[in-house]
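Residue numbers (the numbering used here): 5 to 154.
Put into structure tokens, the structure is as follows:
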């Protein structure tokens, strides 16, 4: 498995993996479509996307977006269900975290939903902790997490 930064050839994988995940657990919201379809514009504004690629197949992806006050938001973390549990999700999440730190992040944040137990376990393992929700861009959000960078 190799971790690579965004490449146009993987745009459809980024969209498809995230839509599959959203369709399974929630409903697709306008903000999701705007972000997925506008990924290249977000990258031009400072965001980053990473992919876990195994034998030329994208098996996981994650995005990180700069917000205000040296805060970066981790979002659009998705893994192909056939490959869950092999570390691909952890690897792309770590790549996003490292990218943000290298670009001056003082705090990382995530909005999610508690029903995503595997994701909740991963975030906890990475050091994220629950904080009051102040980012309600999505109806599905019922938890916000953050990690302060030392």
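No residue lacks a Cβ here, since even glycine has one placed at the ideal position from N, Cα and C.
Here the structure is a predicted model, which is why all the values come from computation and not from measurement.
In the DSSP output, what is residue 152 paired with across the bridge?
Paired residues: 111.
What does the alpha-carbon distance come out to for the pair residue 51 and residue 67?
Taking the straight line joining both Cα atoms gives about 7 Å.
If contacts are defined as beta-carbon pairs under 8 Å, then residue 92 and residue 5 qualify, I think. What distance do you get, rounded to the angstrom?
Rounded, the Cβ-Cβ distance is 6 Å, consistent with contact.
Return the residue from the list 150, 98, 71 that minimises the CA-CA distance to residue 49.
The residue with the shortest Cα to Cα distance from residue 49 is 71.
Since I believe residue 30 is in contact with residue 144 (beta carbons under 8 Å), could you give me their beta-carbon distance rounded to a whole number of angstroms?
Residue 144 to residue 30, Cβ: 4 Å. Contact.
Can you round the beta-carbon distance between residue 14 and residue 55 to whole angstroms, since I take them to be within the 8 Å contact cut?
5 Å between Cβ atoms; contact.
Determine which residues share a DSSP beta bridge with residue 8 and list them.
Per DSSP, 55.
Could you round the C-beta distance between residue 153 and residue 96 to whole angstroms and report it? I think they count as a contact, below 8 Å.
With 8 Å as the limit, residue 153 and residue 96 do not qualify as a contact, their Cβ atoms being about 18 Å apart.
Report the residue from 76, 90, 142 whose alpha carbon sits nearest the alpha carbon of residue 58.
Among 76, 90, 142, the Cα nearest to that of residue 58 is on 90.
Between the Cα of residue 65 and those of 134, 22, 109, 129, spot the shortest distance and give me the residue it belongs to.
The shortest C-alpha separation from residue 65 is found at 22.
Where residue 116 and residue 103 are concerned, what is the direct C-alpha to C-alpha distance, given to the nearest angstrom?
Cα to Cα, the separation comes out at about 21 Å.
What do you get for residue 10, buried or exposed, if any count of 16 or more other CB atoms within 10 angstroms of its CB means buried?
Flag for residue 10 reads buried.
Measuring CA to CA, which of 151, 41, 25 is closest to residue 129?
Nearest option by C-alpha distance: 151.
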